[in-house]
Amino acid sequence: MSDTSYTREILLHKHTRREFRERMQAGELKACIIPVAATEQHLEHLAMEHDWRSVMLVATEAARLLSPEVIVAPSMNIGISEHHMRHPGTLSALPGSWLSVLFDTIRSMHHAGFTNILVLNGHGGNIAPCLGMWGQYQQRLEINLHFESYWNLLPEEVALANLKTKRWPGHAQEFETAFAMAAFPENVRQDAMQEQDDKEPLEATATAGQNMIDEIVKQVAKYVAGMIDGSNTAVIPPFHT
């Protein structure tokens, strides 16, 4: 398979309307992953794209394992990051506007024919607003709709075996730094990591990062496969009368 056909098969935005329509009409596509994350400061040593780039990597690699049944929507690469706005360059959306865009994205994919949708999160600031609204989203759409942060699917024993600090996910700490070292080392500024006050990132290694990435991708694929086969079904809160 060529690189072009690979990206077209996995990524929604690489399809033409005919290609997408024909796959849906054939019943080939069974689930959709919507990655959500942020663009924000990650201490002095990591690029600000870390959150959205990491969750997009996990989503696309998990979809590849389940090919051709899963497609990945474009990442929402601005998140709820008000707590980082004192660092210029951070981008942040207010919860109400961000949740509206997310719901419209979910609604659009439901309109396209998907009843299995995973919103895969890569930023801690998005969690509480999503959990607060999730029951209402499920009630409105009545589909197998899930929200999960990718690091929650990392088995504890794998994390503990690879993290010297035994803490994850953290913010630009050992876990995220190891992830970046393995997946996009050009985003890690080694000099800044040595110079900054926070020394925890110095514990990170690319080997540990790759070990954890491999397991996370496998577990996300397993999670989505369960959505497809019906063993992982969202519990929709009842309507109150």
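So the sequence shown is numbered by our numbering: it starts at 22 and just counts up by one. Built from N, CA and C at the ideal position, the CB exists for glycine as well.
Presumed contact (8 angstroms Cβ cut-off) between residue i and residue j, rounded CB distance
| i | j | result |
| --- | --- | --- |
| Glu-195 | Ala-242 | About 25 angstroms; that fails the 8 angstroms criterion. |
| Ile-54 | Val-245 | 7 angstroms |
| Leu-174 | Trp-189 | That belief does not hold up - the Cβ atoms of Leu-174 and Trp-189 are roughly 12 angstroms apart, past 8 angstroms. |
| Phe-200 | Ile-234 | 6 angstroms |
| Leu-152 | Tyr-171 | Not really, about 16 angstroms apart at Cβ, beyond 8 angstroms. |
| His-71 | Glu-197 | 6 angstroms |
| Met-214 | Gly-134 | With a Cβ gap of about 46 angstroms, Met-214 and Gly-134 do not count as contacting. |
Same chain, Cβ closer than 7 angstroms to residue i, five either side skipped, listed in chain order
| i | result |
| --- | --- |
| Gly-7 | Because the chain in this structure spans residues 22 to 262, residue 7 falls outside the shown range and cannot be described. |
| Met-77 | Pro-56 and Ser-96 |
| Ile-249 | Lys-51, Ala-52, Glu-90 and Asn-137 |
| Gly-156 | Pro-258 |
| Gln-217 | Leu-64, Glu-65 and His-66 |
Distance CB(residue i)-CB(residue j) smaller than 8 angstroms
| i | j | result |
| --- | --- | --- |
| Asn-208 | Leu-64 | no |
| Ala-114 | Ile-99 | yes |
| Asn-165 | Ala-47 | no |
| Gly-146 | Ser-118 | no |
| Ala-182 | Met-202 | no |
| Arg-74 | Phe-168 | no |
| Ile-257 | Glu-177 | no |
| Ala-58 | His-144 | yes |
| Asn-253 | Val-179 | no |
Nonlocal neighbours in the same chain, by C-beta distance under 6 angstroms from residue i, ignoring five residues either side
| i | result |
| --- | --- |
| Ala-193 | His-63, Leu-64 and Leu-67 |
| Ala-80 | Ile-54, Pro-56, Val-93 and Leu-141 |
| Leu-112 | Thr-60 and Ile-99 |
DSSP bridge partner residues for residue i (one or two, in chain order)
| i | result |
| --- | --- |
| Ser-113 | Gly-100 |
| Leu-32 | Val-93 |
Own chain, CB closer than 8 angstroms to residue i, minus 5 neighbours either side, in chain order
| i | result |
| --- | --- |
| Ile-127 | Ile-55, Ile-138, Val-140, Tyr-158, Leu-162 and Leu-166 |
| Leu-120 | Pro-150, Cys-151 and Met-154 |
Quick one: complete beta strand (DSSP E) runs, 3+ long, within the region 120-173? 137-142 and 165-170
Whole runs of the alpha helix (DSSP H) within the region 43-99, excluding any shorter than 4 residues: 71-86
Output the residue ranges of the beta strand (DSSP E) runs that lie fully inside the region 208-257 and measure 3 residues or longer, sorted by chain position. none
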